[in-house]
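Residue numbers (UniProt numbering): 1 to 217. Where a beta carbon is used, it is the ideal one built from N, C-alpha and C, also for glycine. These numbers come from a predicted model, not from an experiment.
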Amino acid sequence: MVKNSGGREEIVFAYPVYFSKLPKIVYDFIHGNQSVFSGKKIFIIATMGLISGDGAGCSARLLAKCGASIIGGLHLKMPDCIGDEKALKRTKEQNHLLVKGAENKIKEAAESLKQGTPVREGLGFWYHMAGLFGQRLYFYNKTKKYSDKLHIDREKCIGCGICVSACPMENISLQSGKARQQGRCTMCYRCVNYCPKQAITLFGKKLYEQCSIEKYL
Ligand SMILES: Cc1cc2nc3c(=O)[nH]c(=O)nc-3n(C[C@H](O)[C@H](O)[C@H](O)COP(=O)(O)O)c2cc1C
Ligand code: SF4
Ligand code: SF4
């Protein structure tokens with residue numbers, strides 16, 4: 001994205017919402033690439049399992065500080081990715097319908113953007129208040145640092161390395177044929193959801209479902 005966006009004036013910037021905030025990896029990405037965003041027009045898409053208040057607003061405020069202008073925001077309810085918690089679990093059909101609904105919402109948003117009247121979900125004062133008082137105050141510290149809580153069951157691990165390639169943080173390596181974490185987890189759940197031996201957990205102690213978008217298309 002950084003390499004390819006140089007010459008473009010408009011950017012669509014999309015990410016999932018964690019605890020009504022930006023995932024740490026997204027926060028660091030914006031901070032590390034401030035000059036790329038300067039002068040750009042940005043349409044923000046925030047995905048969420050249920051509700052986020054100002055999911056789009058969280059990055060909008062940071063991006064504006066980098067000198068970007070925010071042209072719109074879209075909130076999409078998507079299948080939950082937290083495989084080791086019971087909450088928010090939906091049937092395959094319900095998740096399929098969620099994805100369809102999100103696709104339709106994207107089409108409508110693209111149409112209104114073309115007509116010069118972009119949607120502005122998650123942007124502005126009242127959304128900010130909803131994000132702050134609805135959730136962020138209670139989970140203030142949850143995404144401040146990378147997590148060291150990822151648990152890998154060494155008995156179950158067969159050393160296939162799928163988690164190593166899946167991790168966007170290079171947080172997992174193979175040592176003596178077993179996966180090991182290094183305390184730099186952004187909590188994206190990719191390794192948890194793709195491990196063929198269900199050897200990885202993060203928030204919970206056991207897996208209820210291995211979630212992946214491919215199952216719900
Ligand atoms: C650590 C974490 C925190 C989350 N916090 C929220 C939240 O505050 N509100 C919400 O609606 N969804 C929340 N979710 C659900 C995700 O936003 C949702 O599953 C996400 O949009 C899926 O995108 P992904 O699979 O591309 O990561 C959270 C998910 C994770 C992993
Ligand atoms: S994906 Fe699972 S089995 Fe494969 S190396 Fe990682 S923890 Fe071990
Ligand atoms: S959940 Fe797994 S894949 Fe995602 S950042 Fe943490 S260790 Fe990496």
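Ignore the nearest five residues each way along the sequence and tell me which others in K178's own chain have a CB closer than 8 Å to its CB. Start at 1 with the first residue of the sequence shown, and residue 178 comes out as number 178. Hits under 8 Å: I152, R154, C157, G159.
Just to check, is the beta-carbon of K149 closer than 7 Å to a non-hydrogen atom of ligand 2? Taking the sequence shown and counting its residues from 1, one reaches residue 149 at position 149. Checking the Cβ of K149 against ligand 2 gives no.
Which residue comes first and which comes last in the alpha helix (DSSP H) that contains S69? Sequence index remark: in the sequence shown, residue 69 carries index 69 (1-based). Not the alpha helix (DSSP H): S69 falls in the beta strand (DSSP E), residues 69 to 77.
What are the uninterrupted segments assigned as alpha helix (DSSP H) that are 4 or more residues long and contained completely in the stretch 31 to 62, given in chain order? 34 to 37
For L207, the three-state DSSP class (helix, strand or coil): If you number the sequence shown from 1, residue 207 lands on position 207. Note: L207 maps to coil in three-state DSSP.
Could you check if V17 belongs to the surroundings of ligand 1, using beta carbon to heavy atom distance under 7 Å? Taking the first residue of the sequence shown as position 1, residue 17 is located at position 17. Yes, the beta carbon of V17 sits closer than 7 Å to at least one heavy atom of ligand 1.
Cβ of M48 within 7 Å of any heavy atom in ligand 1? Walking along the sequence shown from the start, residue 48 turns up at place 48. Indeed, a heavy atom of ligand 1 lies less than 7 Å from the Cβ.
Buried versus exposed call for Q94 [16 or more other C-beta atoms within 10 Å across all chains shown]: Taking the sequence shown and counting its residues from 1, the one referred to as residue 94 is at position 94. Its Cβ having fewer than 16 others within 10 Å, Q94 is exposed.
If contacts are defined as beta-carbon pairs under 8 Å, then I30 and S59 qualify, I think. What distance do you get, rounded to the angstrom? In the sequence shown, residue 30 corresponds to position 30, counting from 1. In the sequence shown, residue 59 corresponds to position 59, counting from 1. Correct: roughly 6 Å between the Cβ atoms.
Helix, strand or coil: which one does DSSP assign to F133? As a first step, residue 133 must be located in the sequence shown, where it is residue number 133. DSSP places F133 in helix when its eight states are reduced to three.
Please check the pair K89 and Y216, which I expect to be a contact at CB under 8 Å, by giving their CB distance rounded to whole angstroms. The residue given as residue 89 occupies position 89 in the sequence shown. The residue given as residue 216 occupies position 216 in the sequence shown. About 13 Å; that fails the 8 Å criterion.
How is the beta strand (DSSP E) around I158 delimited, first residue to last? Residue numbering aside, residue 158 sits at position 158 when the sequence shown is read from its first letter. I158 -> no beta strand (DSSP E), and no H or E assigned at all.
Under 8 Å between the Cβ atoms of R190 and C211? Residue numbering aside, residue 190 sits at position 190 when the sequence shown is read from its first letter. Residue numbering aside, residue 211 sits at position 211 when the sequence shown is read from its first letter. No, the pair does not count as a contact, with Cβ atoms beyond the cut-off.
Taking 7 Å as the cut-off, is the CB of A68 close to at least one heavy atom of ligand 2? Counting from one through the sequence shown, the residue named residue 68 turns up at place 68. Flag unset: Cβ of A68 not near ligand 2.
Could you tell me whether the Cβ atoms of residue 236 and G131 are closer together than 8 Å? An answer regarding residue 236 cannot be provided, because it is not within the stretch 1 to 217 covered by the chain.
Following a CB-centred definition, is I200 positioned closer than 7 Å to any heavy atom of ligand 1? For the purposes of this step, residue 200 is taken as residue 200 along the sequence shown, with counting starting at 1. For ligand 1, not one heavy atom lies less than 7 Å from the Cβ of I200.
Return the residue from the list I11, S20, Q34 that minimises the CA-CA distance to M129. For the purposes of this step, residue 129 is identified with residue 129 of the sequence shown, where counting begins at 1. Ranking I11, S20, Q34 by Cα distance to M129 puts S20 first.
Per-residue DSSP class, three states only, for A14: In the sequence shown, the residue the question calls residue 14 occupies position 14. Looking at A14 - three-state DSSP - the assignment turns out to be strand.
In the DSSP assignment, find the unbroken alpha helix (DSSP H) run with residue 219 in it and report its ends. Residue 219 is absent from the structure shown; the chain starts at 1 and stops at 217.
Inter-residue Cα distance where the pair is V36 and M169: Within the sequence shown, residue 36 is the residue found at index 36, counting from 1. Within the sequence shown, residue 169 is the residue found at index 169, counting from 1. Distance between the alpha carbons of V36 and M169: 21 Å.
Distance between beta carbons of A46 and V17, contact taken as under 8 Å: For the purposes of this step, residue 17 is identified with residue 17 of the sequence shown, where counting begins at 1. For the purposes of this step, residue 46 is identified with residue 46 of the sequence shown, where counting begins at 1. Going by Cβ atoms, the distance from V17 to A46 rounds to 5 Å, so yes, they are a contact pair.
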